[in-house]
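Take a look at the structure set out below.
Dropping the structure here:
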């Protein structure tokens, strides 16, 4: 790994470059470099913290699935590269083919959303107080995280899945009576969360804004395509949308199965 250091006290720029070339050849390079102008080219690349987070996520996902760590890393890189059309990228900020800061943010989001789809509940151990932090506390885009939880029907607070032992349902964050009740719910006028029974009870026992701040959440609005995707996931909701769908109201807006 090559890197540069500015020695202001001795007025030198030190270039550290791993090599097994003889000292004579290195001196020749040094003399050659004196003839060149220095150009500083800022690189908005992945940060060290982002790189470390990626490897933490790889490790957790690998442990959950029983996968090898290197295989997991290469699997995510290949999958992300295919989706985003990015070939042969590096997670090291010191490499020429390093991800940009924005790409790295998208990569972290991608890993988290994929983990939700694969029933992997990710936590991060905070090095300061050794507290296990749920992934929702550090996810780059909380709304995309909420939508992934809605699609998978897992609690956006604790990650519990919907199954025979645990119920996860749709939480109308806004009062549905303001639109006339559930019969008039098309899923497009109010905001939503997916919550297990424990957290569903909690949100109705404390001020809702306090609940959001406590768990670092943000309820989401849905569009027609998302509501259509969620019809089978939440069969008792979106009554007006179902009625309008049968009447052809959304023809041309969504592509029905």
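Residue numbers (my numbering): 7 to 263. Even glycine gets a Cβ: it sits at the ideal position worked out from N, Cα and C.
Give me the residue from 64, 192, 204, 27 with the minimum Cα distance to residue 175.
Position 169 of the chain shown holds residue 175. Ranking the options by Cα distance to residue 175, first place goes to 204.
Through-space distance from residue 37 to residue 125, alpha-carbon basis:
Here residue 125 refers to the residue found at position 119 when the chain shown is read from its first residue. Here residue 37 refers to the residue found at position 31 when the chain shown is read from its first residue. Cα to Cα, the separation comes out at about 58 Å.
Please report the Cβ distance between residue 198 and residue 177, rounded to the nearest whole angstrom; I am assuming they are in contact, meaning their Cβ atoms lie under 8 Å.
Mapped onto the chain shown, residue 198 falls at position 192. Mapped onto the chain shown, residue 177 falls at position 171. Yes, they are in contact, since the Cβ atoms of residue 198 and residue 177 sit about 6 Å apart, within 8 Å.
Under the three-state reduction of DSSP, which class applies to residue 181: helix, strand or coil?
As a working note, residue 181 is residue 175 in the chain shown. Under the three-state reduction of DSSP output, residue 181 falls in the coil class, being neither helix nor strand.
Does DSSP classify residue 157 as helix, strand or coil?
Position 151 of the chain shown, counted from the first residue, corresponds to residue 157. DSSP places residue 157 in helix when its eight states are reduced to three.
What distance in whole Å lies between the Cβ atoms of residue 128 and residue 52, which are believed to be in contact at a cut-off of 8 Å?
The count along the chain shown starts at 1 and reaches residue 52 at position 46. The count along the chain shown starts at 1 and reaches residue 128 at position 122. With a Cβ gap of about 19 Å, residue 52 and residue 128 do not count as contacting.
Extent of the continuous beta strand (DSSP E) to which residue 22 belongs:
The count along the chain shown starts at 1 and reaches residue 22 at position 16. Start and end: 18-22.
Measure from the alpha carbon of residue 240 to the alpha carbon of each residue in 200, 250, 213, then state which is nearest.
Counting from one through the chain shown, the residue named residue 240 turns up at place 234. Out of 200, 250, 213, 200 has the C-alpha closest to the C-alpha of residue 240.
Member of 109, 61, 31, 44 whose CA lies at the smallest distance from the CA of residue 76
For the purposes of this step, residue 76 is taken as the residue at position 70 of the chain shown. That would be 61, whose Cα lies nearest to the Cα of residue 76.
On a Cα-Cα basis, can you pick out the residue from 42, 157, 179 that is closest to residue 120?
Taking the first residue of the chain shown as 1, we reach residue 120 at position 114. If we check each option's Cα against that of residue 120, 157 comes out closest.
Test item: CB-CB of residue 154 and residue 184 under 9 Å:
Start at 1 with the first residue of the chain shown, and residue 154 comes out as number 148. Start at 1 with the first residue of the chain shown, and residue 184 comes out as number 178. Judged by beta-carbon spacing, residue 184 lies beyond the 9 Å limit of residue 154, meaning their Cβ atoms are not closer than that value.
Are the beta-carbon atoms of residue 147 and residue 115 separated by less than 9 Å?
What you label residue 147 is simply residue 141 of the chain shown in a count that begins at 1. What you label residue 115 is simply residue 109 of the chain shown in a count that begins at 1. Yes; because the gap between Cβ atoms is below 9 Å, this pair is in contact.
Would you give the residue range spanned by the beta strand (DSSP E) that residue 198 belongs to?
For the purposes of this step, residue 198 is identified with residue 192 of the chain shown, where counting begins at 1. 198-202 is the span of the beta strand (DSSP E), which, as asked, contains residue 198.
Given this structure, state the Cα-to-Cα distance separating residue 230 from residue 208, to the nearest angstrom.
Numbered from its first residue, the chain shown carries residue 230 at position 224. Numbered from its first residue, the chain shown carries residue 208 at position 202. Roughly 29 Å separates the two Cα atoms.
Quick one: complete beta strand (DSSP E) runs, 3+ long, within the stretch 112-147?
129-131, 138-140
In terms of residue numbering, what span does the alpha helix (DSSP H) encompassing residue 87 cover?
One-based indexing of the chain shown puts residue 87 at position 81. It spans 75-90 - the alpha helix (DSSP H) in which residue 87 sits, taken as one unbroken run.
What is the DSSP secondary structure of residue 239, counted as helix, strand or coil?
Position 233 of the chain shown, counted from the start, is the residue given in the question as residue 239. Here residue 239 sits in coil by DSSP.
I'd like the span of the alpha helix (DSSP H) that includes residue 249, first residue to last.
The residue labelled residue 249 in the question sits at position 243 within the chain shown. First-last of the alpha helix (DSSP H) with residue 249: 245-252.
Residue(s) in a DSSP beta bridge with residue 104
By one-based count along the chain shown, residue 104 stands at place 98. Beta-bridge pairing links residue 104 to 96.
For residue 194 versus residue 113, is the C-beta spacing smaller than 9 Å?
Translated into the one-based positions of the chain shown, residue 194 becomes position 188. Translated into the one-based positions of the chain shown, residue 113 becomes position 107. For residue 194 and residue 113, no; Cβs fall outside 9 Å.
Element boundaries [alpha helix (DSSP H), containing residue 60]:
Reading the chain shown from its first residue, position 54 is the one you call residue 60. That run of the alpha helix (DSSP H) goes 54-71.
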